[in-house]
Amino acid sequence: MNRRSFIKSAFSGGAFVLTGSYPIFIERNIVQVNRYKIPIPNLPLSFHGFTLAHLTDIHLGFLVPPSFVEEIVHRTNKLNTDAIVCTGDYVHNRNTIEEIDKVWPILSKLSARYGVYSVLGNHDHWGDSSRSLYWLERSGQNIRHQCKPIYKGRDRILIGGAGDFWGDKLNIDKAFSGSDQGDCRILLAHNPDSVDTEFETPLSLVLSGHTHGGQVVFPFLGAPKLPVKNKAYSSGLIATPRTPLFISRGIGWAILPVRFNCYPEIAVLELVNPSLAV
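The structure is reproduced here in structure tokens:
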């Protein structure tokens with residue numbers, strides 16, 4: 001092999017290695033802060049511009065160490081949103097009290113003026129349901145099977161929480177059983193397929209995760225694999241027949257530790273009343 005052929009082969013091999021390693025070592029670790037405007041017709045006017053930081057699918061475990069989660073929590077707190085919502089899958093492995101006991105002291109550092117509200121995902125139940133529920137309650141963030149009001153003067157919105165679609169009972173109607181007819185109801189539900197189940201309560205918005213946006217998204221083709229029944233549920237704001245649905249791409253990974261054209265995200269949602277939107 002002459003010098004020119006050697007350099008060409010080396011360059012080609014290096015490019016191949018770089019291309020192959022990018023989804024694992026680079027994009028997977030670049031957590032974006034993405035901002036979205038979410039129109040809600042029955043949002044009280046005093047809540048126009050109210051902001052939520054949405055965290056989901058952290059998956060503490062292999063390649064997602066506690067230090068990485070600490071940085072996510074620090075960055076989220078620095079955003080100074082009005083409230084923080086978390087929609088599950090905080091740990092990665094099955095049968096792992098150890099991971100649960102590592103991640104929740106970190107998540108308990110989340111802080112926002114109007115509170116932090118959290119539910120569990122399937123991985124939290126697969127890790128250990130009892131331990132996850134223990135920490136959810138101890139953190140003061142528990143919204144599972146209940147709703148809590150956020151007040152501005154005499155106006156309010158309700159943040160409610162469903163159980164996980166796979167690992168728990170949803171109990172959406174139970175969560176909002178004490179609400180009034182005209183309330184603006186925002187539901188946290190880890191799996192977006194929850195929207196297609198049977199419930200009667202009118203919802204103003206549902207916030208979910210679980211899909212990771214597909215992790216790998218090809219231009220013009222989309223995500224080839226989504227862990228949901230309804231393949232329209234990938235990421236972003238989706239208009240379903242029953243309610244607007246926002247799905248965050250989340251932080252961590254599942255199946256394979258890769259991200260391509262689907263950066264991890266901390267989603268910042270600005271709630272707007274369309275009558276006041278410019």
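Per the numbering used here, the very first residue in the sequence shown carries number 1; after that it's consecutive.
Ideal placement from N, C-alpha and C gives every residue a C-beta, glycine not left out.
All figures in this text were calculated on a predicted structure; none of them were measured in a lab.
Practice item. Please work out which residues of its chain come closer than 6 Å, Cβ to Cβ, to PRO244, disregarding the five sequence neighbours upstream and downstream, and give them in chain order. Key: LEU205
Point to revise | alpha helix (DSSP H) runs contained entirely in the stretch 14-100, provided each spans 4 or more residues | key: 66-78
Point to revise | 7 Å CB neighbourhood of ASP124 in its chain, flanking five on each side removed | key: GLY88, ASP89, TYR90, VAL91, SER132
Point to revise | Residues sharing a beta bridge with LYS279, DSSP | key: The structure shown does not extend to residue 279, since the chain is modelled only from 1 to 278, so the question has no answer here.
Check your understanding: When the Cα atoms are used, what is the spatial distance from TYR263 to ALA162?
Key -> 26 Å
Check your understanding: Shorter than 8 Å from the beta carbon of HIS125 to some beta carbon of chain C?
Key -> The structure shown contains no chain C; it is built from a single protein chain.
Review point. Alpha carbon to alpha carbon, what distance is there between SER235 and PHE68?
Key: 23 Å
Check your understanding: In angstroms, rounded to a whole number, what distance separates the CA positions of HIS54 and ASP180?
Key -> 25 Å
Check your understanding: DSSP state of LEU271, grouped into three classes?
Key -> strand
**Study point:** Rounded C-alpha distance that separates PHE16 from ARG28
**Key:** Here the model assigns PHE16 a pLDDT of 34, short of 50, so the residue's position is not dependable, and the following value carries that caveat. Answer to the nearest angstrom: the Cα atoms are 18 Å apart.
Point to revise | ARG144, DSSP secondary structure in three states | key: strand
Review point. Quick one: what's got a C-beta closer than 8 Å to ARG75's C-beta in the same chain, skipping five residues either side?
Key: VAL31, VAL33, ILE266
Review point. For ARG242, which of helix, strand or coil comes out of DSSP?
Key: coil
**Study point:** When ALA254, ASN171, VAL85 are compared against THR197, the one with the closest alpha-carbon
**Key:** ASN171
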